[in-house]
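Everything below concerns the one structure shown next.
Protein chains in written order, with UniProt numbering: chain A, 1 to 956; chain B, 1 to 432; chain C, 1 to 83.
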C-alpha cells in the first residue's frame, strides 16, 4: 500500500471560540489506506472534512456517492468500518490514533464503485421490484438471491474480532434527565437543588446541546449552566452516553461510552421521574438531488464551522425557514464563504441540486440557477419522541408548528418532557420551563420513593400510590413554522439510508400500500439505522399527499427501542452463567471424571469405563455422588396430608424410620416428578426429588400449602445443597459402611426401605436411606455438605480392600435400566400420565383427593393410552438408539424407544419404550427403525425389570 | 355452501397485469400504465357468504383458497388495522416442518410445500430462502429429542437429521463449537428445507390474489360483536356501527382470538403471551442457516438485507402489551454471544413484540365450534406464520365441506373436553 | 421492567417473581365431571384488561399472592379485600 499523508488544513479555519478540538496535539489514523491527521476532539468525519474529503460512502441500492448531511450520530452517509467494528457513526466517533477507517461496501474503491451501474439501472429497480420479478423459473431463485445478498450495504464482522470488555451497573436516581442541552441541564440543576439525586445523560461528547455551536451569548449561557451542573454534587453526568430505551415503570437502559478499560457499560437505571430533554432533530428537505455530497442541514454546517472549525464549502446557497438557518448563513459568511440566502418563509425554495459527485449548481423554485458547492437547508424540525412513545404516549401533529409534539395528557406522571421536544420559546423561557419541570420531577420522584419505602403497601393502588398528587408543569408555547417537507413530490430521496425516493412512496401508495405502516414495510423507508428520526415525518407527509389526507390523519409509525442502536456486547455485558457442583468435585476432577452438563450441575458422567463401573457395583461395591438430588426438609404435624395430596400413593401409614417411593402428577395427571420420602421423626420428613425437579417441586408444594391449604401446619426447607449425597451400592456395601458408622446395619435392624440417622466417618447428623435405584443392596447417605469430601474419601479409603470404586451417571443409568426404573422426562414426556408410565400399582384412587386424581380416574377407565414397557431386541447385540421409532407394518409410528443400553450384567441389549396399548402385551414382537434406516425386531417383556425382577438383591 | 356467483361489479374477479421482469422494464421505460392497486377499497356489502375476522396470513390465505379451490368469492376479510399488522408482520419469518408428532410433521410439511410454490402461484415473489434450519442441542436430553424429531421426520419423508459439531461448524463457521463453553454444542437437528421468507410479501401476495378473485378486504374495520341466533351465527358488527350478515364467520385472529370467540360465546383454551423479537443493523452476509438453540432460548437468521433477526421464547407472563423488555434483549444478546462471540460489536437496531395465543398442548385449534357457522383457526402459539398456507387451504376446505379435512382432524376444539391432547408439547420449549 | 407490589416486601422488579396464572378456583375433584375438570384445567378468561392472578416471589419472600393487573398496559394494583 502506498503511504500517502493528507494533511489537516485544506478546509480547517483559524481558531474559533467554541471549538472542541485541541490544536496543540495531532494524531494519525488511516482512511481507506491513506494516513490522515486529526486533532483530539475531532470526529472521524470532521478530521476528514477538514482535509477536504466530501464523499464518505456509497448508497444502499444505487451506490450513489454520499457526503455529510447532519454531521452527527444520525448521519446516514457516514457509517464506516473502523477496524473490526462495522457501521461506526463517523460523524460522532472521535478520531483516535491508529484507527483503521474504511468506507463500507465499495468495490474497487469509494471513488470508482462498480455497482454504481445500478444508478443507470435504477429506473427498473423501483420500490418493491424484487416482489415483482425472479418469480419464474422457481429453480433460479436461489441464484438470484445470492446476487441480492452480495449487494448488502454494510460493514463486516470478521469471525475473529477482538473481544472487548463490557460491563453493567445498576443505578437508582430519583430523576434521570435524557439530554444535556440547556433544558436538560436546567432541569437537572433544579431537581438536584430540590433534593433529588440526578443522572444527566448526554449523547454528544460535551454538555450544551445546540448552545455549543451558537453565538457568544449562547456560549456564555452554556458555560453558566455547565458550571451550575458541576456545582451540584447530586448530579452525575454521563456524556457520550444515551438513554437507549425506556421500559415499564421507568426502567431505563443507558449505554455509557468513553470509559477507561470498558468498551461500553449498560447502566440499568430505575428512575423515579424521567425528564426527556432530547431536543429537536433538524429535518432534511426532499428535492431532486438532495443526496448529493454538499447538501447539508444548517445544524451540520454550524457544527462543522463552530465545533471543528471546518469550512464545509466555498459558495453556499442557504435555504432557510427559521433562525437556525439564518444563523448558519451568518456563520458561513463570517468564515469567508460566499452565501446566497433563500428565504423559504416567503415561498422560495430549492427544487434541484445538480452536479456530478457533489453539488455544483442549485435550481430554485423561481427558476433561477445558482452555482454553488454547498447547499444548506433549514426547513424544519422533528421532535425525537421515542422515549415518550416507549412510555405509551403517541405524539400528535401540529400543522402550525410543522411537527409532531408530545401529548402531555397521554404521558405518564413519571415522565416529563422539556426543551425543544416539548415546545418553543426563547432560551430564557426554555430554561425557566425546564427548571419548573425539574423541581416537579424531583417532587414526584421523592413522593414515589416515600411510597416505596412503606414496606407493606396496604391500600389499593399499592406501592404506586404516591403520597403527593402530581402538579402539572405549565406548557411551553409553539412557534409557527411553515410546513416544508418536499419541494415536489417526485424528486429526491426520503430515506437516504435505504435509498427510498419520494417517487417510491407515491408508487407504493398507488399500488395500494396506502397507510404509513404499509408504506414503511413495502418501501423500507424509516427502517434504516436512523430508525426514522430523519425520515418519518417526510414519509408521512408524502403518504398524506398521495392519499389526499392530512398528516394528522395519516399518523406516524410507532418508534420502538432502541433510541440509538446498541451493541450486543453492551446488552450482554459480562456473561455470568453459574454452574453448581458438589463438595466432591475436586476429587472427581483429580480422578479424571468425564464431566456431564445436567442443567446447572456439572457431574461425573464416568471415570473411564462405565461398563466396568456397573460390574463393580453388581459384584462388589461402588459409590456415586448424587448430591444434585433434590432434598426438602418437611416438618410439622400435617406433613402426611401434604404427602397424600402431592403423591398419587398413600402416606398416612408411613412409620417413623420408614422410606417410601412416591410419584407426583400434575392436575392433568401427567407425571411430574418422583422420588422417595422418609420419616425421620414424629413430625419430621425428608423428601427427595429428581435433580432437575428440585426447584419445581418445592414451589409446587408451597403453592398448595399457601393457596389451597394455608391451615396446614407444614414447614418446608430446601436442603439440596445443605447435604452432600453419596450412594453406596453393591453386595459389599453393608460391609464397607459398617466400618464407618455407628448405625446398626443388620438387615433385621435396618431393613430395605428404612431410614436411620447417625454418625458416618465421625460426622454426626447424617441421614442413611436404604433404597435401591441400582437394584443392589445400597445405602444413600446424606451428610452435612462441608463434610462431603471427607466422607467420600473415607469410603474410598475404608473400602480399598473391598475394591470400592466410584461410578458415574452413565453407570447409574445402565444399572437402573437393568432394573427397569423409569426416569421422569426421559421415559415419560409431556403427556405421559401415571398409568402410561406403568405406575398403576402406585395410584390409589381410593384416596379422597390427590393432585391429578380426576384425570387418573378417567385414564384408569379407558384402555387406549400408550404403555411404558420393557423391551429386548431379538438380536442381543443390537442396541436400538434412544428415540428410535417403533413402526407398524404400514410404516406408522406405534411407539418409541425411550431408554436403551447394552447391559454388561446380562451381556445383551435392553430397552424401555412407549408403545400403543394394543401392542403392550408380553411377547409381542415389534419393528424398530434404527437410525441407519435398518429395521430390527424387539419383544415386549412382562416386566420393566430386565434383571432381578423380584428385587431380592436389594433386600438382603 | 353454494357456489353462487356474485356480480355486483366492485367485487368481480378480474384479470390483472402480471408481475415479471418484463413488466418492470416496461414501467422503467415509462411504457404502459401505472401499476395497478394490489388490493382495493370497497364499500362493505350488507351480507357475505363468509366473513373472515383477521387480515393476516391465515385470514387472507383462507380467503384465497376459498376463491381458488372452491369458487367461493362472496367473502369479506375484516381487519381492524392494516393487513399483516399482527403476528404476520411481527414474526421472524422462519419456516420449517421438522416437528415432533406425525400430525405436526404432516401438517407443516404441507405448508412448506405450498410455500415452495407460492411465488409462482400468487405471481408475487415471497422470497422463500431455503437455506437450511439448525436446532442445536447442548445436553443429552435435548440431543435425544433432536434424534426423536429426526426419526419421526424421516418416517414422514421430511429431510431432517442429527449432525455433529464438525458438520455444524462447516455450515455456520461463526458458531463456537468448542467443548469448553458453558453450553457445549453436542449436535444439531439439521433440516435443509427450512429457511426464511419475506413475511409481508406472503400477506400481500395472498391479499392481491384474493382481491383479484373478488374477495373484499376491509382494513381499519374492527369487529366488535358477533350475532348468534339459536346457536347459529348470523353476522358480525363492526366498530363503525355496521352490521354485516353472514352464515359463516371465521375467527382467524391471533392475540385477540379469545376476545373474538367470546363474542360468539365460545370459550377458548388460550392464553395470550407476548413474543419478542429484535433486529440488528445490517452487516455483510455471513450466516446462511437459521440457527436455533432451545436451551439458550434464542434463534437467529440473517435476512437478504444483512440484518440479523433474533427471537426467543414467549414472555414469562401473559399480557397483551407489545412494548418489549430490557430483560429480553439482555438475555438475547448474552445468549447470541455465547453461540457466536464474534458478534459483540454488532448493534441492535430495534425490538418489538407480537402476541401469541398459547394452547395447553402447543397445537392449534382449527375447525368447527359448538356454534354453528362459527369456525376457528386460532391458538397458534409461536407457529402461526409457518402454517399460513396449509391453514388457509384446510380452513377453506372445512368451510366449503362443513367438516374438517383429515390433515387438521387432530386439532379440533373438542379434544380438550375429551382429553385427546396433541403431543407437540414435548418439543416445544423453544421451537423456531 | 415493571414493578410488582409484593404484600410482604413492597415494590420489586418483576424478574424476582414467577407468574403462576389467572387466579382460579379448583373444582371439588370428588364431584366434578371430567368435562368440568378439563375446563378448569384448560380454559382461561384471558381478558384484555384487569385480571386477578397469582404470582410467586421466588427471589424474595417465597410468598404466593394475588394481585390485579391490567393485561393491556401491565398496570398493577393490590388485589382487593377478597385476597
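A virtual CB, placed ideally from N, CA and C, is assigned to each residue, including glycine.
For residue 797 of chain A, the uninterrupted alpha helix (DSSP H) segment begins and ends at 788-798. Residue B:63 holds the alpha-carbon nearest to the alpha-carbon of residue 218 of chain B among B:22, B:19, B:401, B:63. Contact between the segment 392-409 of chain A and the segment 235-242 of chain A is absent: fewer than three C-beta pairs spanning the two stretches fall below 8 Å.
Using beta-carbon distances, residue 135 of chain A counts as an interface residue toward chain B, with a partner under 8 Å.
Excluding residues up to 5 positions away in sequence, 802 lie with their Cβ nearer than 7 Å to the Cβ of residue 735 of chain A in the same chain. Counting along the chain, no alpha helix (DSSP H) covers residue 10 of chain C; the unbroken beta strand (DSSP E) around it starts and ends at 10-13.
Under the 8 Å criterion on CB atoms, residue 51 of chain C is classed as non-interfacial with respect to chain A.
If only uninterrupted beta strand (DSSP E) runs of at least 3 residues are considered, those enclosed by the segment 811-886 of chain A are 867-873. Of all residues in the segment 318-345 of chain B, only 318, 319, 320, 321, 325, 326, 327 come within less than 7 Å of chain C when Cβ atoms are compared, listed by chain position. Sequence-distant partners of residue 357 of chain A (beyond 5 residues in either direction) whose C-beta falls short of 6 Å from its own C-beta, in its chain, are 65.
By the neighbour-count criterion, in which 16 or more other beta carbons inside 10 Å mark a residue as buried, residue 520 of chain A falls on the buried side. Assignment of residue 308 of chain A by DSSP, reduced to helix, strand and coil, places it in the coil class. At a cut-off of 8 Å between C-beta atoms, residue 43 of chain C counts as an interface residue with respect to chain B.
Nearest in C-alpha terms to residue 913 of chain A, of all of A:892, A:867, A:60, is A:867.
Following the DSSP letters along the chain, one finds residue 268 of chain A inside the beta strand (DSSP E) bounded by residues 264-270. The straight-line gap separating the alpha-carbon atoms of residue 684 of chain A and residue 784 of chain A is approximately 17 Å.
Within the model, the alpha-carbon separation for residue 278 of chain B versus residue 569 of chain A is close to 15 Å. Counting only runs of 3+ residues, the beta strand (DSSP E) found wholly inside the segment 393-442 of chain A occupies 396-398, 403-405, 415-417, in chain order.
Under the Cβ distance rule, residue 31 of chain C does not count among the residues neighbouring chain B, no pair being separated by less than 8 Å.
Per DSSP, reduced to three states, the secondary structure at residue 911 of chain A is strand.
Interface annotation for the segment 11-29 of chain C against chain B: 15, 19, criterion Cβ-Cβ distance under 7 Å. In this structure, residue 105 of chain A places its C-beta atom within 8 Å of the C-beta atom of residue 58 of chain A. Interface annotation, residue 149 of chain A: in contact with chain B, CB-CB separation under 8 Å. One thing to note: residue 423 of chain A has its Cβ within 8 Å of the Cβ of residue 476 of chain A.
Here residue 412 of chain A is not near residue 386 of chain A, since their CB atoms are 8 Å or more apart. Per DSSP, reduced to three states, the secondary structure at residue 20 of chain A is coil, with no helix or strand assignment. The C-beta separation of residue 502 of chain A from residue 486 of chain A comes to about 6 Å, placing the pair in contact by the 8 Å criterion. Each residue's CA atom was taken as its position, placing residue 60 of chain B and residue 81 of chain B some 14 Å apart. Residue 443 of chain A is not a Cβ neighbour of residue 154 of chain A, given a cutoff of 8 Å. Residues 398, 400, 401, 405, 423, 424 of the same chain have their beta carbon placed closer than 8 Å to that of residue 478 of chain A, with the five preceding and five following residues left out of the count. Secondary structure at residue 334 of chain B: helix, using DSSP grouped into helix, strand and coil.
DSSP places residue 47 of chain B in the strand class (E or B) of the three-state scheme. Assignment of residue 156 of chain B by DSSP, reduced to helix, strand and coil, places it in the coil class. Nearest C-alpha to residue 700 of chain A among A:566, A:21, A:647: A:647. Shortest Cα-Cα distance from residue 709 of chain A to any of A:586, A:760, A:643, A:758 involves A:643. When DSSP states are grouped into helix, strand and coil, residue 415 of chain B belongs to the helix group.
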